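Student:
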Amino acid sequence: MSKVIGIDLGGTKINGGIVDEEGNILKKIRIDTESKSGREVVLNNIKYVIRELMKDEKIEGIGLGSPGFIDTDNGRVVYNGGNIDNWAGVHIKEELTKEFGDIPISIENDANVALICEEWVGAGRNLDTIVMITLGTGVGGGIWSKKQGIWHGNNYQGAELGHSILYPMGRKCNCGQNGCAEQYISGTGIEKTYFEKTGEQLKGEEIFGNRKDNKICNEVVERFVRELSTFLISIKNIFDPEGLIIGGGVINSKEYWWKDMIDCYNSICNNPIGMKILPAEYLNDAGVIGAGKLAFDNIL
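Position in the sequence shown counted from 1, then plus 29, gives you our numbering.
Now the structure itself:
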């Protein structure tokens, strides 16, 4: 059975793994990204992970999911390098080819890679059209159809759903706009809502976990439910996908909000029928598995 390497590059950690043709991770490695040290250090860390995974293995391809707007044809970060210092403009594929030139290398946006995983072996494996959102520090997005594959957009900015406007002239976003969805329905957004109400800092998972016993936490979660439901209605009415998959770190707390979100969505959507709303099946491993599928697609 053929084996490839999948790399999930994050602002904090680099997760790597050997992936087989059925989407199983056979071997894993995880190291710090050292994102504040700049592109050369990050590139060297990626190469280290690949070298470690290649030891005593026959690897037929390498796939990597990276933050930022990715020119997938050339394997380059066009601009907006996410949370990695000086990452915008780096030629990832070119740099990796210098050392691993005899192996096909594919680069893709990290949220798209998570969607590729879910479409392949996860919640979307029986769907023909999918929109995925990832609720974490920010809000990522991906759009996929069986006919077309991933939608990248004219400037490699397709599915930047977290930067659709939820509140005109609302909170200032890191992208330069005001009122972006990720300023409200991300883990960071939830924490900002709590801080605005109390003047105190509290982690998102604590806000969810204290919902039953703390009035303010409950109010914050109720607001999150309404805002997320409203956001999902916009996605349905714009894209009309067969399925919408929600992933990212916030999904780990879904026991505190998922049912309420579905109920709210059904009650306020003009036509709630026709789009399945599903939790992602793969969380921490989605980037590695999706990057592995990316590599397989490049060698088949």
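Just so it is clear, CB atoms sit at the ideal spot from N, CA and C, and this is done for glycine as well. A quick note: this is a predicted structure, and the numbers were derived from the prediction, not measured.
If the criterion is Cβ atoms closer than 8 Å, does the pair Ile162 and Gly151 meet it?
Tutor: No. Outside cutoff.
Student: If you draw a straight line from the alpha carbon of Gly46 to that of Ile145, how long is it in whole angstroms?
Tutor: Computed Cα separation, rounded: 16 Å.
Student: DSSP three-state call for Asp289: helix, strand or coil?
Tutor: In the structure shown, Asp289 sits in a helix (DSSP, three-state: H, G or I).
Student: Going by C-alpha to C-alpha distance, which of Cys293, Pro301, Leu307 and Lys244 sits closest to Ile275?
Tutor: That would be Leu307, whose Cα lies nearest to the Cα of Ile275.
Student: Just to confirm, are Gln230 and Phe237 a CB contact at a threshold of 8 Å?
Tutor: In this structure, Phe237 does not lie closer than 8 Å to Gln230 by Cβ.
Student: Out of Gln177, Ser258, Cys246 and Phe268, which one is the CA nearest neighbour of Lys288?
Tutor: Of Gln177, Ser258, Cys246 and Phe268, the residue nearest in Cα terms is Ser258.
Student: May I have the straight-line CA-CA distance separating Asn300 from Ile75, to the nearest angstrom?
Tutor: Spanning the two alpha carbons is a distance of roughly 46 Å.
Student: Compute the Euclidean distance between the alpha carbons of Glu211 and Glu271, then round it to the nearest angstrom.
Tutor: Straight-line Cα distance between these residues: approximately 23 Å.
Student: At a cut-off of 7 Å, is Gly130 close to the ligand COA when judged by its beta-carbon and the heavy atoms of the ligand?
Tutor: The ligand COA is not part of the structure shown, which contains no ligands of any sort.
Student: Keeping to the same chain, check which residues put their C-beta closer than 7 Å to that of Thr227; ignore five residues upstream and five downstream.
Tutor: Counting only Cβ-Cβ distances below 7 Å, and skipping sequence neighbours, we find Ile245.
Student: Measuring straight from C-alpha to C-alpha, what distance separates Lys232 and Lys322?
Tutor: Roughly 34 Å between the two C-alpha positions.
Student: Roughly how many angstroms separate the alpha carbons of Tyr213 and Gly130, rounded to a whole number?
Tutor: One C-alpha to the other measures close to 43 Å.
Student: Arg68 and Val119 - do their beta-carbons sit closer together than 8 Å?
Tutor: Yes.
Student: Please state whether the Cβ-Cβ distance between Ile132 and Ile88 is less than 8 Å.
Tutor: Cβ distance < 8 Å, so Ile132 and Ile88 count as in contact.
Student: Do the CB positions of Glu256 and Leu190 come within less than 8 Å of each other?
Tutor: Cβ distance not < 8 Å, so Glu256 and Leu190 don't count as in contact.
Student: Hey, how far is the Cα of Arg240 from the Cα of Tyr285?
Tutor: Each residue's Cα considered, the two are about 8 Å apart.
Student: Which residues in the same chain have their Cβ closer than 7 Å to the Cβ of Ile219, if we skip the five residues on either side of it in sequence?
Tutor: So the list reads Gly233, Ile236, Val249 and Phe253, once near-sequence residues are dropped.
Student: Fully enclosed by the region 82-153, which beta strand (DSSP E) runs are 3 residues long or longer?
Tutor: Complete beta strand (DSSP E) runs here, min 3: 91-95, 98-100, 105-108 and 134-138.
Student: Taking 6 Å as the limit between beta carbons, can you name the residues of its chain near Gly30, skipping five residues before and five after?
Tutor: It is Met, not Gly, that sits at residue 30 in the sequence shown. Only Asp49 and Glu50 meet the Cβ criterion.
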